[in-house]
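Visitor:
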Amino acid sequence: MAAELIDGKEIAQQVRAEVARDVAAWTEAGHRAPGLATVLVGDDPASAVYVGGKQKASAEVGIAGFDHRLEADAGQAQVEALLRELGDDPRVSGILLQLPPPPHLDAGALTEMIDPAKDVDGLTPISAGLLAKGRPGLRPCTPAGVMEMLRRHEVPLEGAEAVVVGRSDLVGKPVAALLLAENATVTMCHSRTRDLGEVCRRADVLIAAVGRAGLVRGDWVKEGAVVIDVGINRTEQGLTGDVEFEAAAERARLITPVPGGVGPMTIAMLLRNTLIAAQAQAGVLA
Ligand code: NDP
0 MAAELIDGKE IAQQVRAEVA RDVAAWTEAG HRAPGLATVL VGDDPASAVY VGGKQKASAE
60 VGIAGFDHRL EADAGQAQVE ALLRELGDDP RVSGILLQLP PPPHLDAGAL TEMIDPAKDV
120 DGLTPISAGL LAKGRPGLRP CTPAGVMEML RRHEVPLEGA EAVVVGRSDL VGKPVAALLL
180 AENATVTMCH SRTRDLGEVC RRADVLIAAV GRAGLVRGDW VKEGAVVIDV GINRTEQGLT
240 GDVEFEAAAE RARLITPVPG GVGPMTIAML LRNTLIAAQA QAGVLA
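Have a look at this one:
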């Protein structure tokens, strides 16, 4: 393997330690501890594990936790009322609605109920609009994690060819906007892209966020490229990414493994967003 691994676990640990330090300084300066409210509707076991992980990580860095769980048959109005209440609660700096909610609920409408100042997932239309306009705001956690990895490895982005495969609101679009903000030349690909391999071969920085194991072939990776694999796929071989890892690592300069790459970054960036939200609400710019 020629490529150096980007160790997401280690970078996430560094970010978490920095947030813990900054939260301690914040509270020592006389401010209330930042608070993260999570809202889980229903009893999906995977979602319960994710929410539990977020609450545990918050407690470890000194963020106060507000863990709200609603029955699977909770109505739209009930969830909306809770989100409104959390928006008004000064102890709550960040609100995270665990997605997806049960199918009888309108996830889009619920997301829009979240106070944009507390939108630590960065998924409200206001947050997306601020990002699209290049204005300060809360950024979605996984894309912010991708950028943090690139920054820590000092990957030059200005003028670089960046190719993003996937155009979801959660990952692809915000990653592309963040790369553009760093003056990369960004190409977005999706399921209708013609000759995906040819487009990927141009990339100095290649981001895969699709959810199809091995979709990005090793020989699509340019020699010396930086490859970030956001994909998480459960296969018979265990968890794998969207990139054919072994072959891609022969050609790349830097590459993220799956697991242990982008995955751990998401919670770390959620913690950082919660602190940033608390500081912004107190009128102190981060
Ligand atoms: P979505 O399913 O919302 O989006 C997938 C995107 O991939 C779509 O834009 C789709 O195109 C595109 N796509 C599908 N098939 C192809 C193809 N054959 N060629 C090119 N593009 C294709 O997924 P998410 O963005 O939510 O997630 C992507 C992956 O990242 C998943 O594996 C998910 O598990 C993982 N993930 C990991 C996180 C982490 O913490 N590490 C966090 C969030 C997600 P189109 O729009 O045309 O349909």
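Anchor point for the sequence shown: position 265 equals 264 in numbering that gives the first Met the number 0, and the numbering is continuous, going up by one each time. By construction, the Cβ of each residue, glycine as well, lies at the ideal position given by its N, Cα and C atoms. In this text, all values refer to a predicted model and were calculated from it rather than measured experimentally.
#1: Would you identify the three-state DSSP class for I275, choosing helix, strand or coil?
#2: Answer yes or no: the CB of A180 versus the heavy atoms of the ligand NDP, is any distance below 7 Å?
#3: Should T192 be listed as close to the ligand NDP, given that the test is whether its C-beta is under 7 Å from any heavy atom?
#4: When the distance is taken between beta carbons, is E79 closer than 8 Å to L109?
#5: Three-state secondary structure (DSSP) at E27?
#6: Pick helix, strand or coil for L104, following the three-state DSSP scheme.
#7: Mapping DSSP to helix, strand and coil, what is L122?
#8: May I ask which residues mark the beginning and end of the beta strand (DSSP E) holding E147?
#9: Helix, strand or coil for I231, going by three-state DSSP, please let me know.
#10: Please state if the CB of M148 and the CB of M5 are separated by a distance shorter than 8 Å.
#11: Kindly identify the DSSP beta-bridge partner or partners of R68.
#12: Helix, strand or coil: how does DSSP classify E222 here?
#13: Taking C-alpha atoms, which residue in M112, T192, V204 and E111 lies nearest to V154?
#14: Would you kindly work out how many angstroms separate the C-alpha atoms of V242 and G196, rounded to a whole number?
#15: Check this for me: beta carbons of T141 and V14, under 8 Å apart or not?
#16: Could you tell me which residues DSSP puts in a beta bridge with G305?
Guide: Taking the coordinates as given:
#1: helix
#2: no
#3: yes
#4: Yes, the pair counts as a contact, with Cβ atoms nearer than the cut-off.
#5: helix
#6: coil
#7: coil
#8: Segment C140 to R151 is the alpha helix (DSSP H) holding E147; no beta strand (DSSP E) there.
#9: Three-state result, I231: coil.
#10: The residue asked about is misnamed: residue 5 is Ile in this sequence, not Met. Yes; because the gap between Cβ atoms is below 8 Å, this pair is in contact.
#11: DSSP, once it has assigned bridges, lists L39 as partnering R68.
#12: Looking at E222 - three-state DSSP - the assignment turns out to be coil, as it is neither helix nor strand.
#13: V204
#14: 12 Å
#15: no
#16: The chain is shown from 0 up to 285; residue 305 falls before or after that span and cannot be answered.
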